[in-house]
DNA sequence: GATCGTATGATATAACATATCAACCCCATC
DNA sequence: GATGGGGTTGATATGTTATATCATACGATC
Ligand SMILES: [Zn+2]
Ligand SMILES: [Zn+2]
Ligand SMILES: [Zn+2]
Ligand SMILES: [Zn+2]
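Chains as they are written, first to last, in our numbering: chain A, 1 to 158; chain B, 1 to 158.
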């Protein structure tokens, strides 16, 4: 769950560890990680890229876990509200959280070539958003920090 | 065009100055600021909030400048590509640029109560996005920095 | 066993965005 | 002044993302 960058890694452990963490956290907080919710988390964890709600819905549909948009959106709302997944605004899509352990101010790096998305840990208080907001007297409730570009693997090719 | 924050100001000059700048810049760069494009810019300048493409389209339709989605999207593409407007990813909506003069790395402060959106100037090189990207060897082509929350006027009320 | 809260099922629709092809206009070139 | 290319517009259709609404199921609580 700490896959920091665009590097190769044992991906099976990503899924297993992600689900295990979620199960534990839900138990601690009395959250219901129902079948559909857990399955959506697994689907998101299965790839290091953002997936659209309808792409997720196709999986659910194929597995008999639901066939209509609200099924996917409800699961995604649960996952994002509770920090198990994030919405990537730039893509109108979703990705599993890769820093489940600590509260965070994520920065997402989105490769336009290979579509991989990496969640990096940022220091909220040091960012430009926070600085600007403080100066304006603005109370930040949610900050979106997303960069689109080329990952180390794709940059040379392009 | 330097309305920095959520403060009161002479709004007519916002529109006039914004259009004037755009006209001049287009002349300098040989860009065609056609009727529809200029009108969309004026519509965006008319309010300090983000407007959806279909909301803009309604205006155009009422004025006989077009009635189908591509009309609005084409004008918006021209305006955003040339820096006269910005897309707010968080809202799937658009806003006129308020720093036409200088190249910039804008931060948007979005008030969820009054819907006002302020474009603030940030220092790209100092932000957390840039720091994180550098560490990961990621080449940033576009950075999205948007904060949602409460503006100084709305924060006390809430 | 009635009530309540949470989760699902099901249907419809809203909201946002793009693909495609034809027509047109301006202007430069032949 | 005809030809052709580039950019713009018109028109139609479609694709994609997201939510509203009402009904049903089910375990927990009283
Ligand atoms: Zn996260
Ligand atoms: Zn890549
Ligand atoms: Zn701007
Ligand atoms: Zn406000």
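Note that beta-carbon positions come from the ideal geometry of N, C-alpha and C, so glycine has one too.
Residues of the stretch 140 to 155 of chain A whose Cβ lies closer than 8 Å to any Cβ of chain B, in chain order: For the stretch 140 to 155 of chain A, which is checked against every Cβ of chain B, the residues closer than 8 Å are 140, 141, 142, 143, 144, 145, 146, 147, 148, 149, 150, 151, 152, 155.
Any chain B beta carbon closer than 8 Å to residue 89 (chain A): Within the first chain, numbered from 1, the residue matching residue 89 (chain A) stands at position 89. True, the Cβ-Cβ gap to chain B drops below 8 Å.
Opening and closing residue of the alpha helix (DSSP H) in which residue 77 (chain A) lies: Working through the first chain from its first residue, we reach residue 77 (chain A) at position 77. Note, residue 77 (chain A): alpha helix (DSSP H), 69 to 81.
Closer than 8 Å to chain B by CB, residue 129 (chain A): Reading the first chain from its first residue, position 129 is the one you call residue 129 (chain A). Yes - at least one Cβ of chain B is within 8 Å of the one on residue 129 (chain A).
Residue 19 (chain A) - partner residues in DSSP beta bridges: The count along the first chain starts at 1 and reaches residue 19 (chain A) at position 19. Paired residue(s): none; residue 19 (chain A) is not in a bridge.
Exposed unless 16 or more other CB atoms sit within 10 angstroms - verdict on residue 64 (chain B): Stepping through the second chain from its first residue, residue 64 (chain B) is reached at position 64. Answer is exposed; the Cβ neighbour count stays below 16.
Min CB distance residue 83 (chain A) to chain B below 8 Å: Taking the first chain and counting its residues from 1, one reaches residue 83 (chain A) at position 83. So, not an interface residue.
Amino acids of chain A, ordered along the chain, whose beta-carbon sits closer than 7 Å to that of residue 137 (chain B): Your numbering for residue 137 (chain B) matches position 137 in the second chain. For a Cβ distance threshold of 7 Å, residue set 152 of chain A lies close to residue 137 (chain B), ordered along the chain.
Beta-carbon separation (whole angstroms), residue 46 (chain B) vs residue 15 (chain B), contact threshold 8 Å: Numbered from 1 along the second chain, position 46 holds the residue referred to as residue 46 (chain B). Numbered from 1 along the second chain, position 15 holds the residue referred to as residue 15 (chain B). The beta-carbon distance between residue 46 (chain B) and residue 15 (chain B), rounded to whole angstroms, is 6 Å. This is short enough to meet the 8 Å contact definition.
Bounding residues of the alpha helix (DSSP H) (the contiguous stretch that carries residue 58 (chain B)): On the second chain, position 58 is the one that residue 58 (chain B) refers to. Per DSSP, residue 58 (chain B) is one residue of the alpha helix (DSSP H) stretching across 53 to 62.
Among A:156, A:22, A:53, nearest to residue 83 (chain A) - alpha-carbon criterion: In the first chain, the residue the question calls residue 83 (chain A) occupies position 83. Residue 83 (chain A) has its Cα closest to that of A:22, out of A:156, A:22, A:53.
Residue 90 (chain A) burial status per 10 Å Cβ neighbour count (16 or more: buried): Translated into positions along the first chain, residue 90 (chain A) becomes position 90. A residue is called buried when at least 16 other Cβ atoms come within 10 angstroms of its Cβ; residue 90 (chain A) meets this threshold and is buried.
Whether residue 129 (chain A) touches residue 145 (chain B) by CB criterion (8 Å): The sequence position of residue 129 (chain A) within the first chain is 129, counting from 1. The sequence position of residue 145 (chain B) within the second chain is 145, counting from 1. Their beta carbons are under 8 Å apart, which means residue 129 (chain A) touches residue 145 (chain B) by this criterion.
Own chain partners of residue 50 (chain B) with C-beta closer than 7 Å, once the 5 adjacent residues on each side are dropped: Stepping through the second chain from its first residue, residue 50 (chain B) is reached at position 50. Cβ within range, chain order: 88, 91, 93, 94, 95, 117.
Residues proximal to ligand 2 by C-beta, any heavy atom closer than 7 Å: Qualifying residues, in the order they occur: A:6, A:111, A:113, A:114, A:116, A:150, A:151, A:153, A:154.
Per DSSP, the bridge partner or partners of residue 150 (chain B): Against the second chain, residue 150 (chain B) aligns to sequence position 150. For residue 150 (chain B), which the question treats as bridged, DSSP gives the partners A:139.
The stretch 84 to 118 of chain A: positions lying closer than 8 Å to chain B by Cβ: Within the stretch 84 to 118 of chain A, contact with chain B at the beta-carbon level (separation under 8 Å) is assigned to 89, 90, 92, 105, 107, 109, 111, 112, 118.
Where the alpha helix (DSSP H) containing residue 7 (chain A) begins and where it ends: Within the first chain, numbered from 1, the residue matching residue 7 (chain A) stands at position 7. Annotation for residue 7 (chain A): no alpha helix (DSSP H) segment contains it, and DSSP assigns it neither H nor E.
Cβ neighbours of residue 147 (chain A) in the same chain (closer than 8 Å, five flanking residues each side left out): By one-based count along the first chain, residue 147 (chain A) stands at place 147. Here the set comprises 107, 108, 109, 110.
C-beta neighbour in chain A for residue 8 (chain B), strict 8 Å: Residue numbering aside, residue 8 (chain B) sits at position 8 when the second chain is read from its first letter. With 8 Å as the cut-off, residue 8 (chain B) does not count as an interface residue toward chain A.
Cutoff 8 Å: residue 126 (chain A) Cβ touching any chain B Cβ: Sequence index remark: in the first chain, residue 126 (chain A) carries index 126 (1-based). Chain B, which has a Cβ nearer than 8 Å to the Cβ of residue 126 (chain A), makes this yes.
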